[in-house]
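Residue numbers (this note's numbering): 1 to 164. We treat Cβ as the ideally placed atom computed from N, Cα and C, and that holds for glycine. The structure under discussion appears below in the form of structure tokens.
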Amino acid sequence: MEALGINHTLVAQIINFVILLIFLRLVVYKPIVNILEQRQQYIADNVAAAEEERKQAEALHQQYLAEMQKAREEAQAIIQQATKAGEDKAQEIVEAARTEAQRIKESALEEIAREKEKAVAELRDQVASLSILVAQKIVNQTITPEIQHGLIQEFIKEAGDLPC
Numbered sequence: 001m002e003a004l005g006i007n008h009t010l011v012a013q014i015i016n017f018v019i020l021l022i023f024l025r026l027v028v029y030k031p032i033v034n035i036l037e038q039r040q041q042y043i044a045d046n047v048a049a050a051e052e053e054r055k056q057a058e059a060l061h062q063q064y065l066a067e068m069q070k071a072r073e074e075a076q077a078i079i080q081q082a083t084k085a086g087e088d089k090a091q092e093i094v095e096a097a098r099t100e101a102q103r104i105k106e107s108a109l110e111e112i113a114r115e116k117e118k119a120v121a122e123l124r125d126q127v128a129s130l131s132i133l134v135a136q137k138i139v140n141q142t143i144t145p146e147i148q149h150g151l152i153q154e155f156i157k158e159a160g161d162l163p164c
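Put into structure tokens, the structure is as follows:
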């Protein structure tokens, strides 16, 4: 082979390299390919799991937003109900106060009317007594209780007809 100019060491190295490639192909290549496929599958599974978790997180976020909206609406409804109840109670209190004021006014008017009648009756009695005293002094006579009572009644009757 020296005549061809080929070095034996080079041929031996080429043969060793080819044997090494065949050996590596038979022994090492399949496990390395399997490991790479497993790694690729692991990465794909992780990506899919991450995507699924992202979808779940998004669904939870939407559910949370829906619950928050529902809670806001319920709170608004409670506030409106409390406001309406407060307004109704205020209206009831105002109405009760008006009714009580009307009752007090009517009671006061009745009391005034009673006091007026009482004062008029007392005034009539006093006027009658004074009239009798004046008449007695004018007539200069003694008036018996029967005559006095009759005169008082007559005076009251006449005074009752007067506008007060």
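**OP:** Measure the alpha-carbon distance for Gly150 versus Leu123 and round it to whole angstroms.
**Re:** Stepping through the sequence shown from its first residue, residue 150 is reached at position 150. Stepping through the sequence shown from its first residue, residue 123 is reached at position 123. Straight-line Cα distance between these residues: approximately 17 Å.
Subject >> Span of the alpha helix (DSSP H), counted from its first residue to its last, around Tyr9 >> reply: The count along the sequence shown starts at 1 and reaches residue 9 at position 9. Checking the sequence, you will find Thr at residue 9 rather than Tyr. Per DSSP, Thr9 belongs to the alpha helix (DSSP H) from 8-23.
Original post:
Do you know offhand how far Thr83's Cα is from Ala77's?
Top reply: Walking along the sequence shown from the start, residue 83 turns up at place 83. Walking along the sequence shown from the start, residue 77 turns up at place 77. Thr83 and Ala77: Cα-Cα distance of roughly 10 Å.
**OP:** Have a look at Ile147 and Lys118 and give me their C-alpha separation to the nearest angstrom.
**Re:** By 1-based counting over the sequence shown, the position of residue 147 is 147. By 1-based counting over the sequence shown, the position of residue 118 is 118. Cα-Cα distance, rounded: 25 Å.
Original post:
I think Leu104 touches Ala128, with their Cβ atoms under 8 Å apart; what is that distance to the nearest whole Å?
Top reply: Locating residue 104 in the sequence shown gives position 104, counting from the first residue. Locating residue 128 in the sequence shown gives position 128, counting from the first residue. Note that residue 104 is Ile in the sequence shown, not Leu. About 36 Å; that fails the 8 Å criterion.
**OP:** Please name the residue, chosen from Gln38, Ser131, Gln56, that lies closest to Glu158 on a Cα-to-Cα basis.
**Re:** Within the sequence shown, numbered from 1, the residue matching residue 158 stands at position 158. The candidate whose alpha carbon is nearest that of Glu158 is Ser131.
**OP:** State the DSSP-derived secondary structure class of Thr167, mapped to helix, strand or coil.
**Re:** Since the first and last residues shown for the chain are 1 and 164, residue 167 lies out of range.
Subject >> Straight-line Cα distance separating Gln126 from Glu100 >> reply: As a first step, residue 100 is located in the sequence shown; it is residue number 100 there, counting from the start. As a first step, residue 126 is located in the sequence shown; it is residue number 126 there, counting from the start. Whole-angstrom Cα-Cα distance: 38 Å.
Original post:
Excluding sequence positions up to five away, which residues of its chain have a Cβ less than 6 Å from the Cβ of Met1?
Top reply: Taking the first residue of the sequence shown as 1, we reach residue 1 at position 1. Residue placement at Met1 is flagged as unreliable, the pLDDT there being 49, under the threshold of 50; the coordinate-derived value follows with that caveat. Around Met1: no qualifying Cβ.
Original post:
How long is the line joining the alpha carbons of Arg114 and Ala108, rounded to whole angstroms?
Top reply: Walking along the sequence shown from the start, residue 114 turns up at place 114. Walking along the sequence shown from the start, residue 108 turns up at place 108. Roughly 10 Å between the two C-alpha positions.
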